[in-house]
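Mind the numbering: the sequence shown is residues 429 to 779 in the numbering used here, read in order. For each residue, glycine too, the CB sits at the ideal point set by N, CA and C.
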Amino acid sequence: MRTQPISISPHLAAIAIVLNLHWHVFVYATKPTPADLLLCQTNRDGTSECENRDKNPSSPKTLDDLAPSSQTDTRRDDDAKFGVKRISDQTYQDLDESAGKCDVFLPDPLPDHGKLPCVILVHGGGWVGGDKRNLRNYAHQLTKNGFVCLTINYRHAPQYPFPAQVDDVRLAMLWLKDQQSRFKIDMDRLGMFGYSAGGHLTALVSSVANRPMDVQCNTSDWRIDDPRWKDLPRIKAICIGGPPCDFQRLPLDNTSMKFFLGDSRRNSPDVYLAASPLAHVSQGDPPTMIIHGESDIMVPLRGSQIFHQAQIAAGISSQLTILPKQGHLLTFINPQTVTQMIRHFKAQLGR
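Set out below in structure tokens:
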């Protein structure tokens, strides 16, 4: 599947700018409403068991602990506050503009002996916007708990439609593997977190990794004989927030995803299939934590419930955490999202 760059119309560019501006205004002007956690586990017989979880008193308490940083990234003193050393704007691949750049977050000081688990963090933004800095404070929280973290930029639609973003995540994985000695990373304990569009990319990359090569190639611009396929490290655990997991349920002639998937589902059914994490769920996928706001109208909760149920049916360790009365953006800045992410990676990656 070959990615063909397309031009961005002024209308689409204006929409993207407005949405990005609205995002930054929103997160700095709004404080999250505390919410109890509803942790749900779907059983093989289709029944569900849910329990409330009290808030962790050690988790972040204020918006400043979680809000995405500005593009100028002026709050660098936060690194020292969290006991973190950040190595900024590393190049994992030469791509357009800031795409292909990543930030590495290391515990400071690094341990003298042994290797550390690592989590790659993939930002959201509707596949058209966002920046690695948006997940800086997620990285701070993880690194404070003994993880190495990598936040990445990737190419955006509509100039670069699917599967460019998926390949960029894979390129970051390969770069991290090459740098494992430098950063004292245990590649056998590699996790990935993503929210919204980043959650989709995380779910897709991890779910398709153990599928036949022809299926994997449908999610890539790489040729089937590309040697990079064999070098990709295995993801051992994922945490995804508010993830779009299935594009196959969209109406046949709906063009709302044309900017990302190139056409309607009627005209490009194979692309919609390839881009849907739900279509690739299979035994052997990594343990998964899904976090979703009960009141999310941007990415409805039902999609995560269906994805969770499919994982359970395939024998995958999967948990679904529902934040009552929280929408898409409030779930992102809710401290419980960070708490559940850290809890999941500690359990699965051994911290």
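So which of Ile770, Lys513 and Phe687 has the shortest CA-CA distance to isoleucine 718?
The option with the nearest alpha carbon to isoleucine 718 is Ile770.
Work out the CA separation of serine 624 and glycine 553 for me, nearest whole Å.
Cα to Cα, the separation comes out at about 7 Å.
I think glycine 619 touches proline 545, with their Cβ atoms under 8 Å apart; what is that distance to the nearest whole Å?
Yes, glycine 619 and proline 545 are in contact; Cβ-Cβ is about 7 Å, under 8 Å.
Is the beta carbon of proline 714 sitting closer than 9 Å to the one on glutamine 776?
Yes, Cβ-Cβ distance for proline 714 and glutamine 776 is below 9 Å.
Is DSSP giving serine 497 helix, strand or coil here?
With a pLDDT of 39 at serine 497, under the threshold of 50, the modelled position of this residue cannot be trusted; read the value that follows with caution. Note: serine 497 maps to coil in three-state DSSP.
So, are the CB atoms of threonine 647 and proline 589 less than 9 Å apart?
In this structure, proline 589 does not lie closer than 9 Å to threonine 647 by Cβ.
Let me check you understand the geometry: is the CB of proline 705 closer than 8 Å to at least one non-hydrogen atom of the ligand ADP?
The model depicted lacks the ligand ADP and carries no ligand whatsoever.
Since cysteine 673 sits in a beta bridge, which residues does DSSP pair it with?
Paired residue(s): none; cysteine 673 is not in a bridge.
Using only the alpha-carbon positions, how far apart do proline 671 and serine 609 sit?
Spanning the two alpha carbons is a distance of roughly 32 Å.
Out of curiosity, what's the CA-to-CA distance linking asparagine 695 and arginine 514?
Asparagine 695 and arginine 514: Cα-Cα distance of roughly 45 Å.
Please tell me whether phenylalanine 533 and alanine 508 are closer than 9 Å, where the distance is taken between their beta carbons.
Not in contact: phenylalanine 533 and alanine 508 (Cβ atoms no closer than 9 Å).
Measure from the alpha carbon of valine 597 to the alpha carbon of each residue in Pro661, Val576 and Arg651, then state which is nearest.
Of the candidates Pro661, Val576 and Arg651, the one whose C-alpha sits nearest the C-alpha of valine 597 is Pro661.
Using the beta-carbon count (16 or more within 10 Å), is glutamine 711 buried or exposed?
When all chains shown are included, glutamine 711 counts as exposed.
If we call anything under 9 Å between Cβ atoms a contact, is aspartate 372 one with glutamine 587?
Here the chain comprises residues numbered 429 to 779, so residue 372 is not present and cannot be evaluated.
Which residue spans inside the region 645-699 form an unbroken beta strand (DSSP E) run of at least 3?
Correct list: 665-669.
Find the nearest neighbour of leucine 629 within the set Ser516, Lys543, Leu549 and Met726, judged by alpha-carbon distance.
Here the closest residue by C-alpha is Leu549.
Taking a contact to mean a Cβ-Cβ separation below 9 Å, would you say alanine 741 touches cysteine 673 in this structure?
It is not a contact, given that the beta carbons lie outside the stated cut-off.
Considering only residues of the region 737-767, which uninterrupted alpha helix (DSSP H) runs meet the minimum length of 4 residues and lie entirely inside it, listed in chain order?
Listed in chain order, they are 756-761.
Is it buried or exposed for threonine 519, if we count other Cβ within 10 angstroms and need 16 for buried?
So threonine 519 counts as exposed.
Could you give the first and the last residue of the continuous alpha helix (DSSP H) run that contains tyrosine 566?
Where tyrosine 566 is concerned, the enclosing alpha helix (DSSP H) stretches over 564-572.
Alanine 775 by DSSP, collapsed to three states: which one?
The answer is helix: DSSP assigns alanine 775 an H, G or I state.
Near aspartate 642, what residues of its chain come up, given a Cβ to Cβ distance below 8 Å and the 5 sequence neighbours on each side ignored?
Within the same chain, aspartate 642 has close Cβ partners Ile652.
Between the beta-carbon of histidine 736 and the beta-carbon of valine 727, is there less than 9 Å?
No; because the gap between Cβ atoms is not below 9 Å, this pair is not in contact.
Which of the three DSSP states, helix, strand or coil, is assigned to serine 635?
Serine 635 falls in the helix class under three-state DSSP.
In angstroms with no decimal places, state the Cα-to-Cα distance between glycine 690 and isoleucine 666.
Their backbone Cα atoms lie some 28 Å apart in a straight line.
Identify every residue that forms a DSSP beta bridge with phenylalanine 621.
According to DSSP, phenylalanine 621 bridges with Leu549 and Cys667.
Along the alpha helix (DSSP H) that carries methionine 601, what are the first and last residues, could you check?
First-last of the alpha helix (DSSP H) with methionine 601: 592-606.
Measure the alpha-carbon distance for asparagine 762 versus glutamine 754 and round it to whole angstroms.
Their Cα atoms are separated by approximately 9 Å.
I'd like the list of long-range same chain contacts for aspartate 522, defined as Cβ closer than 8 Å, with 5 residues on each side in sequence excluded.
Excluding positions up to five away in sequence, the list reads Gly528.
DSSP three-state label for methionine 769, please.
Reduced to three states, the DSSP call for methionine 769 is helix.
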